[in-house]
Every structure is written in structure tokens, then in C-alpha cells.
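What follows is one structure encoded as C-alpha cells, with my remarks underneath.
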Ligand SMILES: [Zn+2]
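Chains as they are written, first to last, in my numbering: chain A, 1 to 330; chain B, 1 to 290.
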């Protein structure tokens with residue numbers, strides 16, 4: 001079982017234990033220790049703010065991977081007035097690592113997609129730890145085409161360590177499934193709102209992640225590779241993961257600064273798992289605000305803007321004429 | 001005819017040194033190469049004549065982008081475009097600029113792909129060829145931009161697009177900027193798709209990661225070169241994940257054909273003529289217009 005305690009929260013947990021101890025002591029002995037308790041509670045609140053104001057990327061990753069972090073189905077439950085899950089890719093099977101469905105928010109219909117993790121070991125095994133096979137991406141594709149047919153905007157929540165690297169996944173065309181989704185999403189005739197809610201693991205995340213608005217929860221990450229794998233590849237040393245995590249610029253703040261994501265969504269103090277309902281509320285507000293903006297564009301404008309959004313991602317320079325001429329001569 | 005082209009000293013780069021283990025270098029290594037697959041001793045002259053394919057076992061050695069162009073397109077037809085685009089360092093990643101410079105010096109290339117206009121049997125095409133020796137053929141901003149420009153040029157000129165791929169994965173040092181090139185190139189291919197322009201992808205050894213999971217896998221016709229490794233996740237990662245041995249021939253070109261993931265497996269010696277045949281049916285064939 002994964003440890004549910006975040007190591008950087010230890011001082012907080014110790015403080016909470018002390019407060020509890022004093023409370024029971026007060027009840028037992030009938031002494032008034034409320035002044036002391038209040039003082040400690042204030043200190044705890046201050047300490048929590050301090051800790052969370054200054055998290056490094058590895059700590060953010062710990063929160064993003066927290067076993068109690070709200071999953072796609074949690075958010076679906078809180079966000080929609082009514083939500084119906086839809087199953088299967090009609091080709092091979094029903095991938096439980098990919099949640100799909102349709103629902104209503106204030107009478108507006110949406111199609112919903114999201115990587116689905118579990119919370120218990122048993123559930124995680126059936127959900128394959130949120131790592132889809134090709135049939136997961138193909139289920140998503142089927143639902144997206146349906147969304148287009150019925151004019152339903154799409155909400156896509158990303159939370160996966162990556163697409164599953166296995167024999168069956170390769171045999172059934174993991175690469176093709178992701179590539180096809182990217183191609184279709186690039187000019188789908190309905191708005192696509194993407195939110196990274198936990199782990200944004202590389203191509204497996206992007207496979208349902210091309211959209212008009214890309215947002216990230218405050219304590220999520222989105223990366224081309226895990227810091228562990230990156231450190232192993234670049235520095236031949238997986239223990240350099242913390243350095244890789246910073247160098248890769250994978251937290252929400254860094255990615256907003258790079259211009260790859262559009263918006264950061266606040267989480268409740270201490271992370272989404274401390275208050276899933278509040279987290280869902282903040283998520284819902286952001287989604288609806290972005291949808292209000294996207295609604296203003298014609299379908300043609302929407303698709304052209306989406307193309308240009310990705311067309312301009314990339315950083316490069318042009319060689320001078322002198323350099324080019326010199327090379328010609330050589 | 002293309003044997004002559006390939007034979008031009010300007011294009012031939014038989015670096016037999018790189019194809020040996022360090023302690024395997026003999027004084028004669030500039031004369032011969034040991035086959036990676038069957039250990040046969042092949043004279044380099046013979047190997048070049050045979051387009052870098054082992055005459056004994058048909059093992060296809062990897063070749064450079066320039067050599068590939070030389071054996072694929074009509075002589076003197078290649079006009080390079082977007083050559084002036086060069087990588088920057090979007091993340092300020094440690095040692096990335098040094099690595100880029102080393103790759104440039106080692107390969108004589110500016111980046112991991114060369115793009116241009118050319119002709120095959122007098123049929124004009126837009127062509128892009130990736131090179132594995134440049135940082136493992138990884139797709140960063142420049143590869144993404146050049147592939148996108150190639151697709152857009154194809155759309156503009158209405159000429160078929162042919163892309164030869166070889167890639168080990170994403171350009172790690174460009175982080176998410178590199179991942180987003182998957183979206184950018186796939187969107188560009190979609191525009192070709194909508195416009196009804198032919199796009200052929202030739203996957204060569206190895207084609208894996210983000211390139212396979214984006215523009216390479218959505219071509220109208222996908223050709224795999226004989227023996228090429230074609231994957232989303234590499235065999236090492238899969239082996240680690242499942243802690244079991246992988247099936248014989250797993251992720252090789254023939255395996256992908258068997259599983260319906262590519263249209264055909266073609267030997268290097270037949271590649272040019274096969275491309276010409278497809279182009280001819282497509283370009284010269286009369287179409288039904290209703
Ligand atoms: Zn051989």
C-alpha cells in the first residue's frame with residue numbers, strides 16, 4: 001500500500017497530534033487549555049500556508065500522485081447535475097483506465113473524458129493505475145466524434161502516469177490510437193477544454209489532451225517523461241530526479257510561464273484530496289468560464305484558433321544569410 | 001541508376017568504426033564491416049553497392065538522411081527548404097546547447113530532419129528524411145517545425161508528401177515543448193488529409209515514441225523498411241514493466257504487418273521503385289469523379 005502521508009507535511013501532522021493530545025487532556029482533567037490550543041492551531045495554519053507556498057516540484061509530484069487525490073469519476077459526480085457513463089470502443093473492449101460519459105451542467109450538455117485511477121490497490125489493478133491501452137483512446141475517439149455529431153463541448157481531464165507500455169498495447173497499436181486522436185481532435189467542430197488534474201504523463205496524457213484551453217490544477221504536473229526516467233536517460237542516474245524535475249519545467253507555474261498552458265486552477269489548502277468537493281467546485285467554475293469564452297467563436301474561428309495555438313509552439317531561431325552563405329561555400 | 005548516386009563520395013559515409021564494439025576495431029576496419037546480425041565479414045565497397053544491406057542475411061544497416069535522399073530521389077532534383085531553422089534552448093536545460101553543437105559537428109547536419117522538394121521518377125514530391133545520428137532522431141521544436149512546414153508546403157503545392165522516419169523518442173531537453181510537437185505535426189497532417197493530398201510515411205529503424213504516436217502513424221500509406229523496429233514504448237521499457245520476455249520478432253516491421261499496423265514491408269533496394277509505383281497510381285491514375 002502506498003504511504004498516504006506526504007513527508008513534507010510531517011511537522012503539520014506532529015502539531016495536529018499535539019493539539020489532539022491537549023484536547024483530550026483538557027476533557028479528562030477539566031482544565032482550560034483553550035488558549036494554548038488556539039495558539040497551536042494558529043501556528044498549524046501558518047505553517048501549512050508556509051509549506052504550501054514553497055513546494056518544490058518533487059513535492060508537487062507527490063501531491064499529484066497522492067492515493068486519495070480526486071479521480072475523474074469523483075469530479076464527474078461533483079461537476080454534473082446528471083452524468084451517465086458510456087462504455088467501450090466497439091472494436092476490442094472497455095478500457096477501465098479511461099472514463100467516458102455524457103452529462104448536464106445547468107442544462108448544457110457535455111461529453112466527458114478522463115483517465116481513471118483507483119484509490120485502493122484492488123481498484124487500481126482493475127483501472128490499470130490510470131494507464132490506458134489503445135482501446136481506451138479509441139473509446140475516447142468514439143465519444144469525441146459523437147460529441148461533434150451532437151454539438152456537445154468536451155471536457156477532458158488528464159491524470160495518468162502514461163499510456164500503458166505492454167505487449168497487447170503495442171500489438172493493438174498504442175501509437176496509432178494516440179496519433180489518430182491528435183489528428184481528429186485538431187479539427188473537431190466542438191470546443192475542447194482540457195484540465196490536467198494530477199499526473200500528465202507524456203503521450204498518454206496528450207492522447208486526450210489536444211484542445212482549445214489547456215488548464216492545470218495547482219498541484220499537478222505535465223511532462224514529456226517522469227523525472228526519474230529523464231534523469232536515468234540524460235545523466236544515467238535516476239537519483240538525480242529532483243534536478244530533472246526542476247530542469248524539465250513540469251509544474252503548472254513553469255508551464256504557464258512557458259505559454260503552453262492557459263490557466264492554473266487553485267486547489268484547496270493542502271491539496272485537492274483534503275477537500276474534493278471544494279476542488280471540484282473550483283474546477284467547475286474554471287471550465288464554465290472558459291466555455292463562456294469559447295462559445296463566442298464560430299466553428300471556423302474555433303478550429304483556426306486551435307490550429308494556430310499549436311502551430312506556434314516551439315522555440316527556434318533562423319541562421320543569418322552570412323552563415324548560410326558560408327555553409328554553401330564549404 | 002541509383003547505385004551511381006549512392007556511390008558519390010559526397011554522400012557516402014561508411015563509418016565502420018561506429019558499427020563495431022570498441023575492442024573490435026581492427027586495422028582493416030576501413031575496408032570491411034562485420035554484420036551486426038549474422039557476423040559475416042562484408043567488404044565496405046560491397047556493402048555500399050548493396051545500399052548498406054548485408055548480402056548474406058538482408059540485415060538493413062541504418063543509413064544517414066543524406067544517403068537516404070541520394071538513393072530515393074531523382075538525381076539533382078532535391079531542393080532543400082527550411083534549412084536555416086536551428087534549435088534554441090526553451091527550458092535552459094543543462095548542457096543542451098553543448099549537446100546540440102556536438103551533434104552538429106558529429107553529423108554535419110543542422111537538425112534531425114532534412115526537408116525539401118524533389119522528384120521520384122519525374123513525379124514531384126515534398127520529402128522529409130529524419131536522421132538517427134542527430135540526438136537519436138528526437139523530435140524537438142525544429143523537427144516539429146520542419147515536418148509542419150513540409151506538410152504545409154505539400155498543401156500549398158498539392159504535391160504528395162513523403163516522410164522517412166527514425167526516432168528514439170522526444171527531445172527530452174525541450175520538455176513539454178517537444179511533446180507538443182506531436183500535436184502540431186498531427187494537426188498539419190490533418191489539413192493534408194482534409195485536402196485529399198497523398199501522404200506516405202516510410203518507417204525505418206528505429207521509429208519509436210512520440211514520432212510513432214503522431215505524424216508517422218496517420219499517413220495514408222505506411223511502409224516499413226525490412227527489419228525496422230517500430231514502437232510506441234521501446235522493448236526495454238516494456239520488458240521492465242511486465243518483467244517477462246518479449247515474443248520473437250516483437251515490434252519488428254514484419255510483426256507490425258502481421259498485426260495490421262503497416263501496409264507493407266519493403267526492402268531498401270525496392271523502396272524507390274515501390275514509392276514510384278504508388279505515386280504513379282495516385283498521380284497518373286484517372287479518378288472517378290461521379
Ligand atoms: Zn548479415
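Backbone N, C-alpha and C define an ideal beta-carbon position, used for all residues, glycine too.
Assess, as a yes-or-no matter, whether the stretch 212-226 of chain B is touched by the stretch 216-226 of chain A under the definition of 3 or more beta carbon pairs within less than 8 Å.
no
For the stretch 224-236 of chain B, enumerate the residues whose C-beta is nearer than 7 Å to any C-beta of chain E, in chain order.
No chain E appears in this structure, whose protein chains are A and B.
What residues sit near ligand 1, counting only those whose C-beta is closer than 5 Å to one of its heavy atoms, in chain order?
Residues flagged by the Cβ proximity filter: B/35, B/37, B/38, B/40, B/54, B/56, B/57, B/59.
Distance, residue 214 of chain B Cα to residue 311 of chain A Cα
15 Å
Cross-chain neighbours of residue 14 of chain A in chain B, by beta carbon under 8 Å
Going along chain B, no residue has its Cβ under 8 Å from residue 14 of chain A, so there is no contact; the nearest lies around 37 Å.
Amino acids of chain A, ordered along the chain, whose beta-carbon sits closer than 9 Å to that of residue 259 of chain B
170, 171, 172, 173
Contact set for residue 8 of chain A: own chain, Cβ-Cβ below 8 Å, skip 5 residues either direction
51, 55, 59, 62
Since residue 157 of chain A is in the beta strand (DSSP E), which residue starts that stretch and which ends it?
For residue 157 of chain A, the uninterrupted beta strand (DSSP E) run begins and ends at 154-160, by DSSP.
Go ahead and pull the three-state DSSP assignment for residue 131 of chain A.
coil
Selection from B/116, B/131, B/262 that minimises the alpha carbon distance to residue 157 of chain B
B/116
If we count the other Cβ atoms within 10 Å of its Cβ and call it buried at 16 or more, is residue 185 of chain A buried or exposed?
Residue 185 of chain A should be labelled buried.
Length of the line joining the Cα atoms of residue 323 of chain A and residue 171 of chain B
25 Å
Under 6 Å Cβ to Cβ from residue 93 of chain B, same chain only, skipping five residues before and after it: list those, please.
173
Contact test: residue 288 of chain A Cβ vs ligand 3 heavy atom, cutoff 6 Å:
The model on display carries ligand 1 but not ligand 3.
Quick one: complete alpha helix (DSSP H) runs, 4+ long, within the stretch 4-86 of chain A?
DSSP assignment within the stretch 4-86 of chain A yields the following whole alpha helix (DSSP H) runs of 4 residues or more, N-terminal first: 10-29, 34-53, 57-64, 72-79.
Taking only beta carbons into account, state which residues of the stretch 87-98 of chain B come closer than 9 Å to chain A, listed in chain order.
87, 88, 89, 90, 91, 92, 93, 94, 95
Give, in chain order, every residue of the stretch 108-141 of chain A whose Cβ lies closer than 8 Å to some Cβ of chain B.
none
Going straight from the alpha carbon of residue 288 of chain B to that of residue 257 of chain A, what length do you get?
52 Å
For residue 85 of chain A, collect the residues of the same chain with a Cβ closer than 6 Å to its Cβ; drop the 5 residues on either side in sequence, then sort them by chain order.
Excluding its 5 nearest sequence neighbours in each direction, residue 85 of chain A has C-beta neighbours in its own chain below 6 Å: 101, listed in chain order.
Simplified DSSP assignment, three categories, for residue 213 of chain A:
Residue 213 of chain A: strand per DSSP, three-state reduction.
Would you check if the distance between the CB atom of residue 164 of chain A and the CB atom of residue 64 of chain A is smaller than 7 Å?
no
With a threshold of 7 Å between beta-carbons, can residue 238 of chain B be considered close to chain A, or not?
yes
Sort A/194, A/36, A/181, A/252 by Cα distance to residue 190 of chain B and report the nearest one.
A/181
Helix, strand or coil at residue 289 of chain B according to DSSP, with G and I counted as helix
coil
Taking a Cβ distance cut-off of 8 Å, strictly less, list which residues of the stretch 244-274 of chain A are near chain B, in chain order.
247, 248, 249, 250, 255, 258, 260
To which residues does DSSP link residue 342 of chain A through a beta bridge?
Residue coverage of chain A in this structure runs from 1 to 330, which leaves residue 342 of chain A outside it and unanswerable.
So, for residue 121 of chain B: in the same chain, excluding its five sequence neighbours on each side, which residues have a beta-carbon less than 6 Å away from its beta-carbon?
Around residue 121 of chain B: 276.
What did DSSP end up calling residue 199 of chain A once you bin it into helix, strand or coil?
strand
Name the chain A residues that come within less than 7 Å of residue 192 of chain B, Cβ to Cβ?
Counting only Cβ-Cβ distances below 7 Å, residue 192 of chain B has no contacts in chain A at all, with the closest Cβ about 10 Å away.
Which listed residue (B/204, B/154, B/203, B/210) has its alpha carbon closest to that of residue 206 of chain A
The option with the nearest alpha carbon to residue 206 of chain A is B/210.
For residue 124 of chain A, which of A/71, A/314, A/36, A/233 has the nearest alpha-carbon?
Closest by alpha carbon: A/71.
With H, G and I counted as helix, E and B as strand and the rest as coil, what does DSSP make of residue 57 of chain B?
coil
For residue 130 of chain B, which of helix, strand or coil comes out of DSSP?
strand
Which residue comes first and which comes last in the beta strand (DSSP E) that contains residue 221 of chain B?
Element bounds for residue 221 of chain B: 221-225.
Can you list the beta strand (DSSP E) stretches of 3 or more residues lying completely in the stretch 195-239 of chain B, in chain order?
199-207, 221-225
Following the continuous beta strand (DSSP E) through residue 87 of chain B, name the residue where it begins and the one where it ends.
Segment 85-87, the beta strand (DSSP E) holding residue 87 of chain B.
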